[in-house]
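Taking it in order: structure first as structure tokens, then the write-up.
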Amino acid sequence: MQLEPFKAMFHWESAPRWTLWGRQSRVHTTVAALALAGLALTALAWGGWVAWQQRQAIEAVQAQVQALRVSPAKPLTARASTAVRRDAGLVLGQALSTDQRQGLLAVARQLNIPWQELFEQLERSTPPQVALVSVEPDGQRGTVRLQAEAKSLDTLLQYAAALQGQGVLGRLNYNKHETNGQDANRPMRLTFELVLLPSRQASMAPTLQESAR
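Have a look at this one:
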């Protein structure tokens with residue numbers, strides 16, 4: 002009896018082949034591919050999240066540093082007037098503005114820099130003839146970058162030289178000088194950096210908060 006006509010009437014789908022004793026089936030290959038794809042997507046998602054966190058931290062620090070550039074210095078208040086002294090023929094003594102203090106305080110919480118001593122030194126040493134335009138910290142290099150304006154370049158050079166070696170302020174490096182053409186009086190502007198020396202104070206945060214008020 003011939004069964005070929007009966008076999009032609011029926012069609013069986015082959016059953017899935019599973020992995021047994023080292024033999025690999027089609028199902029096993031598919032599952033492995035899906036698992037690898039899932040791991041790759043997870044790695045990409047994790048890398049993106051880490052990059053986003055780092056970017057947020059960098060933007061926060063940049064915003065704090067940017068706040069230091071916006072406010073000019075103000076004359077000494079009665080509280081700080083006792084710090085006025087004479088040096089290099091200039092009457093010294095000028096208080097940092099509230100915005101400058103608050104900006105430096107925010108950065109001081111993240112960087113180990115002697116800001117309280119720096120505040121006091123700048124207030125004692127900045128004369129009325131000099132406008133302190135910006136105070137810009139660099140925690141990685143351990144320096145502070147200053148921009149100051151005055152009617153003459155000689156006044157600015159005397160001011161920068163007087164800061165060098167005072168308190169926590171170390172070696173002086175000049176960056177550039179220029180005329181501020183946006184000001185009707187066309188004052189001279191000097192940009193320079195000073196190395197910050199290690200702080201002699203164990204704790205700065207409470208004193209900084211009182212000074213910023």
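2 is the number of the first residue of the sequence shown in this note's numbering; add one for each residue after it. The beta-carbon is built from N, C-alpha and C at its ideal position, and this holds for glycine as well.
C-alpha gap between residue i and residue j, whole angstroms
i: V169; j: R187; result: 32 Å
i: A149; j: G49; result: 42 Å
i: L42; j: L173; result: 52 Å
i: V131; j: R146; result: 16 Å
i: L123; j: A151; result: 16 Å
i: E118; j: S126; result: 12 Å
i: A46; j: G182; result: 50 Å
i: G90; j: L158; result: Bear in mind that the predicted position of G90 carries a pLDDT of just 37, short of 50, making it unreliable; the figure below should be weighed with that in mind. If you take the alpha carbons of G90 and L158, they lie about 13 Å apart.
i: S153; j: A162; result: 15 Å
i: E121; j: H178; result: 25 Å
i: L37; j: T144; result: 49 Å
i: L40; j: T180; result: 59 Å
i: R142; j: W116; result: 15 Å
Closer than 8 Å to chain D by CB, residue i
i: E124; result: Protein chains in the displayed structure number just one, and chain D is not present.
8 Å contact criterion, which residue i and residue j should meet: CB distance rounded
i: R175; j: P128; result: This sequence places Tyr at residue 175; Arg is not what is there. With a Cβ gap of about 19 Å, Y175 and P128 do not count as contacting.
i: V196; j: G166; result: No, V196 and G166 are not in contact; Cβ-Cβ is about 10 Å, not under 8 Å.
Of the residues the options, the one placed nearest residue i, counting alpha carbons only
i: T192; options: D184, L198 and L133; result: L133
i: S135; options: A41, R125, E194 and L173; result: E194
i: D139; options: S153, L198 and R190; result: L198
i: V137; options: G182, T180, N181 and R102; result: Inspection of the sequence shows that residue 137 is occupied by Glu rather than by Val. Closest option to E137, Cα to Cα, is R102.
i: T156; options: R190, F120 and L119; result: R190
Burial state of residue i (16 or more Cβ within 10 Å)
i: A185; result: exposed
i: L164; result: buried
i: T99; result: exposed
i: W53; result: exposed
Range of the contiguous alpha helix (DSSP H) that encloses residue i
i: S126; result: W116 to S126
i: A185; result: No alpha helix (DSSP H) holds A185; DSSP gives it neither H nor E.
i: Q148; result: It is not in any alpha helix (DSSP H) - Q148 instead sits in the beta strand (DSSP E) that spans T144 to A151.
i: Q1; result: This structure gives no information on residue 1, because the portion of the chain shown stretches from 2 to 214.
Boundaries of the beta strand (DSSP E) in which residue i is found, first to last residue
i: L197; result: M189 to L197
i: Q130; result: Segment: none, Q130 is in no beta strand (DSSP E) and carries neither H nor E.
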